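Remarks on the structure that follows.
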Amino acid sequence: MDADHHEPHLDVLIVRDPKESPKKCSLVPLRGTPGIEFVPYDRERTVDAAGRVLLDPDGEPITAADRGRPLLVLDSSWRRLPKLRATVTGDPLPRRLPPLRTAYPRRSRDFEDPAEGLASVEALYAALRLLGHTDIDHLLADYRWADDFLELNRDALEAPLER
């Protein structure tokens, strides 16, 4: 790294739906990782996300202008996502990832996943890479399909962002 570039500090807040099985959650192995905080979803509690980038498939595309901002990830099924979103205050910046392909072999029996739906750890990794974090491969250490995900998306994860 050159003297003008330094690795941004990880600042990730994950609101996790306790109804989701911890055995199936790709983010659970990240508990205790410095810079990543888990908060269980509770409809009676709000989460202040002021100044954070919120991963949102309906948001504006993530850009280079978002670099250096902390990240908010809502971890739940697609069906329950609006319930988690309703507890978020502080007007976070909704941003979507570029088109990426999941390596996770998903099969939802009762709800169709979006075509570009990623495993939570894939979305987290991609967002952090695009936000300027480079020393984050350890986040995929416990993800069974990490190599496949990286291979499928190498070009998109390394492409420069719009300004």
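Residues in the sequence shown are numbered from 1 upward in steps of one, following our numbering.
By construction, the Cβ of each residue, glycine as well, lies at the ideal position given by its N, Cα and C atoms.
Computed from a prediction, not measured in an experiment: that's the story for all the values here.
Check, Outcome
"For ARG95, the residue or residues it bridges with in DSSP", "GLU60"
"Proximity below 9 Å, CB of LEU71 to CB of LEU150", "no"
"Selected residue, minimal CA-CA separation from LEU152, among GLY90, ALA103, PRO82 and LEU10", "ALA103"
"Option nearest LYS24 by Cα separation, candidates LEU84, VAL121 and VAL73", "VAL121"
"Pair within 9 Å by beta-carbon distance, ILE36 and LEU10", "yes"
"Three-state class that DSSP yields for LEU118 in the structure shown", "coil"
"VAL47 to THR87 span [Cα, whole Å]", "6 Å"
"For ALA159, the nearest candidate out of LEU97, GLU44 and VAL73 (CA to CA)", "LEU97"
"Where the alpha helix (DSSP H) containing LEU84 begins and where it ends", "81-85"
"Beta-carbon gap between LEU27 and VAL73 smaller than 9 Å", "yes"
"For ASP135, the first and last residue of its enclosing beta strand (DSSP E)", "Here ASP135 belongs to no beta strand (DSSP E), and DSSP marks it neither H nor E."
"Candidates PRO18, ARG95, GLY68 and ARG79: closest to PRO40 by CA position", "PRO18"
"Nearest-angstrom Cα separation, counted from TRP145 out to ASP91", "34 Å"
"Assigned exposure category for SER76 - 16 Cβ within 10 Å defines buried", "buried"
"Residue closest to GLY132, alpha-carbon to alpha-carbon, out of PRO61, ASP42, GLY68 and PRO22", "GLY68"
"First through last residue of the beta strand (DSSP E) which encompasses GLU37", "36-40"
"Strand pairing of ARG16, partner residues [DSSP]", "PRO40 and ASP75"
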